[in-house]
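Residue 961 in this note's numbering sits at position 809 of the sequence shown; the count goes up by one each step and never skips. From the three backbone atoms N, C-alpha and C, an ideal C-beta is built for every residue, glycine too. To start, the structure itself, in structure tokens.
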Amino acid sequence: MSEQGDPEQGATYDAEAMQAKWQRVWDELSPFAANDDSEREKRYALTMFPYPSGDLHMGHAEVTALHDVIARYWWQKGFEVLNPMGWDSFGLPAENAAIRNDSHPADYTYTNIATQLESFQKYAVSFDWSRRFNTSDPSYYRWTQWLFLKFHEKGLAYRKNSPVNWCPNDQTVLANEQVLADGTCERCGAEVTKRELTQWYFRTTEYAQELLDSLDGLEPTWSSKVINAQRNWIGRSEGAHVSFVVQGREEPVKVYTTRPDTIFGTTFLVVAVDAKLADELVTDAQRPAFEAYRDEIRKASDIDRLATDRAKTGVDLGVTARNPVTGEELPIWATDYVLADYGTGAVMGVPGGDQRDWEFATEMGLPIVRTTEPPADFEGEAYAGEGVAINSPAPGVEAGLDINGLAVAEAKSRAIAFLEEQQVGEGTVNFRLRDWLLSRQRYWGAPIPIIHCPLDGEVRVPEDQLPVELPELRGADLKPKGTSPLGAATEWVNVSCPTCGGPATRDTDTMDTFVDSSWYFFRYVSPHDETQAFDTELANAWGPIDLYVGGDEHAVLHLLYARFFTKALRDMGLVNWDEPFSAYLSQGKVINNGRKMSKSLGNGISLGAQLDEFGVDAVRLTLVFASPPEDNIDWADVSPGGSVRFLQRAWRLSGDVTSEPGADPATGDVALRKVTHKTVHEVEALVESHRFNVVVARTMELVNATRKAIDNPVEKGGCGPADPAVREAVETVAILLSLVAPYTAEEMWERLGHQPTVARVGWPAVDPELLIEDSVTAVVQVQGKVRARLEVSPDISAADLEAAALADPSIVAALEGKTVRKVIVREPKLVNVVAG
């Protein structure tokens, strides 16, 4: 680790010694413990808590360094700040890591938590450690189970049999949100398949419209990327349910369509091959072919099935359905390009208006009828854009509805009105969002607090019997096998029914870890309360979270679930928030040589090694200074060594100041004071707009200006170390650095003669008079090249600035022999002369 001596005081900048020293002081002072009873305005700062599957890595270092700038700034601005941290310690990442290391998940998890806690404390993030907890603690998951029971009481938690996503590697089901775009498991990367299972769900669709509408209010404070990801996942569409009478079936088949105006172009119906409806409709003659086809398709992921380049396949189910508008009999096919959980699992085949239907009709030799007039220059096949209705009805077809010539919007409206009038359809809204599948066939999670009784069915575990603790199962084989390992714990599984007292069994599935992380921010307000999940009064006082910092990988998953939980808890009267996160800051990734860090690639960067070599402050400063928060940081392109040198330079300033603490800065050098106050003023706006890298740049500029003021003689703009303006500048540097480099800042503050902690001294006041500029530098360009710089009044007019520029000797020389064709003036800072 680099060291730098202070020749005047004989001291040395020793990062390692500073870290050890100030960790002890901060442990004694607890400067960041939030006071619930404080009269100061409250702010809630939150960063996503980590999985304890190893020690902290560069991603943790980046997100917490960025997050800490805001939290520390709020403390300096006089707010009471709740900035908690804990561990998301249940779930597949921790469990899989434990299995790989031949360890029990509890042992492995809590060992890593202790390691990460020590690393976090060394990293000097301003967390309130008195509020920490782990989601795998029974004292926490007792309330996760209690919330599940409340959701069950309200009908928001339910169990059903349906096709589900299955990870063959982790041997567990996955929610739709946990399947990546390429059809693989977001946890392990294995290709996801389908299985028919009975599973637990949260009814997220109950809040689909509100989850969508509320995004409008978040647009100013969330990134557009995250907002769009949420909107697309919720996927609202307006259309109609249309009833088709099926040959030999009493109950009609309801089909959802976003374009009821195209019903005249319907030449077949298609049903998802794995939908229950397909199994009900298929004739005996077609069943063998149907079942063989279904078994084959179940091996494919939803992503594969919806791929545009996938060849269209299907099986004729052997039955027909009557078009309710034209009376035509339409064949019904089972196919793979329709999903069972979309609408009713059946759709109208309109090949003239849907490319997948066009390809299917072409493959199967089915008729194609256009119902929307494409543009004259249209060269494609199916056309789904704007245009007037045609063939609606087709020539010679008797129908009570004629929408020929109408534009799409009016044609849709007229078609829906007709369907409703004839009682064969109704206008409706559909969502892509599906209910959240939350049960997992794994050990390391919160047990689902339901008892299954042969007489009473699903029985909720009485609240006074919570938590339903995990049996330890030490020595048992916890490797995934497709069924929950809890099923082997017979003494734990077999219980008496709370309702009838007869023999019953516990549910052996555990909850998805995203259940734990969907409400953890509520628990932080009263983390040690043994009487309730969280204190509603405190939750309403602290919340909602003023700023949440995390990665784009949770743009749908965690953020959507947390928003759903918040709205459900609001409706239960447990909180008055509508949205959990008022603002969301999405940080980029730390990469190396243009690629994601990976052990297999051999390009991983050890956070521990970087901290040992350069020190905590230098690593934090490097990560904050490298780029805007949302951009990736390539560690190969940054210089932690350069950060060390800057910190040494700043630290030396504190040893050079010779004026006494409390010296009146108003008696000091005005030029340096102007730089100091302008810096504070600009940094305030930069922090609040999350331009943290520019904050560091401005701090560096102030350090340079202060160094010059100390070292230069008066005739060259200096003022010497005894000038009170120098003390003011250096104290300001220490306060600004406290946001990014807390050890260096604290050491500077002590060397300046102050008591700790610099993190709570308050934000420097800005004198507005010192922000008024006496002059500004105007750049003069000729043909785009800078030829002169002029010191002018900030209030100079465009005409006067142009005259001054053209009279400057350098400009006169540059224009010799040329004709001035145009002069562009942007007073007071720019003149551009075009000559030829």
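{"Item": "Residue 739, enclosing beta strand (DSSP E) - first and last residue", "Value": "736 to 739"}
{"Item": "Nearest-angstrom Cα separation, counted from residue 256 out to residue 431", "Value": "44 Å"}
{"Item": "Alpha helix (DSSP H) segments (min. 4 residues) lying fully within the stretch 748 to 781", "Value": "759 to 766 and 768 to 777"}
{"Item": "Three-state secondary structure assigned by DSSP to residue 922", "Value": "helix"}
{"Item": "Spatial distance of residue 446 from residue 469 (CA atoms)", "Value": "12 Å"}
{"Item": "C-beta atoms of residue 551 and residue 635 nearer than 8 Å", "Value": "no"}
{"Item": "Which listed residue (241, 941 and 706) has its alpha carbon closest to that of residue 961", "Value": "941"}
{"Item": "The stretch 316 to 327 / the stretch 629 to 645 touching (three or more Cβ pairs under 8 Å)", "Value": "yes"}
{"Item": "Nearest-angstrom beta carbon gap, residue 981 and residue 930 [assumed within contact, 8 Å]", "Value": "5 Å"}
{"Item": "Other residues of its chain near residue 610: CB distance less than 6 Å, five sequence neighbours each side excluded", "Value": "602"}
{"Item": "Euclidean distance between Cα positions of residue 859 and residue 805", "Value": "7 Å"}
{"Item": "Cβ-based burial, residue 680 [other Cβ within 10 Å; buried from 16]", "Value": "exposed"}
{"Item": "N-terminal and C-terminal residue of the alpha helix (DSSP H) that residue 408 is part of", "Value": "Element bounds for residue 408: not the alpha helix (DSSP H) but the beta strand (DSSP E), 405 to 409."}
{"Item": "Three CB pairs or more closer than 8 Å across the stretch 492 to 510 and the stretch 530 to 539", "Value": "yes"}
{"Item": "Residue 833: first and last residue of the uninterrupted alpha helix (DSSP H) it sits in", "Value": "822 to 840"}
{"Item": "Residue 420 vs residue 474 beta-carbon contact at 8 Å", "Value": "no"}
{"Item": "Close beta carbons around residue 741, own chain, < 6 Å, minus the five adjacent residues each side", "Value": "784"}
{"Item": "Residue 465 versus residue 486: straight-line alpha-carbon distance, rounded", "Value": "9 Å"}
{"Item": "C-beta contact flag for residue 598 and residue 242 at 8 Å", "Value": "yes"}
{"Item": "Reference residue 856; option with closest CA among 866, 839, 403 and 831", "Value": "831"}
{"Item": "Residues bridged to residue 484 [DSSP beta-bridge criterion]", "Value": "421"}
{"Item": "Check: residue 487 C-beta below 7 Å from any heavy atom of the ligand HEM", "Value": "Ligands displayed in this structure: none; no statement on the ligand HEM is therefore possible."}
{"Item": "Residue 523 and residue 541 closer than 8 Å at C-beta", "Value": "yes"}
{"Item": "Those runs of the beta strand (DSSP E) which lie wholly inside the stretch 476 to 552 and span at least 3 residues", "Value": "481 to 487 and 498 to 501"}
{"Item": "Test item: CB-CB of residue 344 and residue 318 under 8 Å", "Value": "yes"}
{"Item": "Beta-carbon spacing of residue 963, residue 939 below 8 Å", "Value": "yes"}
{"Item": "Uninterrupted alpha helix (DSSP H) stretches inside the stretch 915 to 978 (no shorter than 4 residues)", "Value": "950 to 959 and 961 to 966"}
{"Item": "For residue 622 and residue 270, the rounded distance between their alpha carbons", "Value": "27 Å"}
{"Item": "Paired residues, beta bridge with residue 665 - DSSP", "Value": "BP columns for residue 665 are empty, so no partner."}
{"Item": "C-beta atoms of residue 662 and residue 240 nearer than 8 Å", "Value": "no"}
{"Item": "Contained alpha helix (DSSP H) runs [length at least 4] in the stretch 834 to 918, N- to C-terminal order", "Value": "844 to 863, 876 to 889 and 894 to 903"}
{"Item": "Residues near residue 512 in its chain [Cβ-Cβ closer than 6 Å; skip 5 each side]", "Value": "464"}
{"Item": "Beta-bridge partners of residue 393, as assigned by DSSP", "Value": "408 and 578"}
{"Item": "Exposure of residue 409, with buried meaning 16 or more beta-carbon neighbours within 10 Å", "Value": "buried"}
{"Item": "For residue 416, the first and last residue of its enclosing alpha helix (DSSP H)", "Value": "First-last for residue 416: undefined, no H or E at that position."}
{"Item": "Bridge partner(s) assigned by DSSP for residue 591", "Value": "663"}
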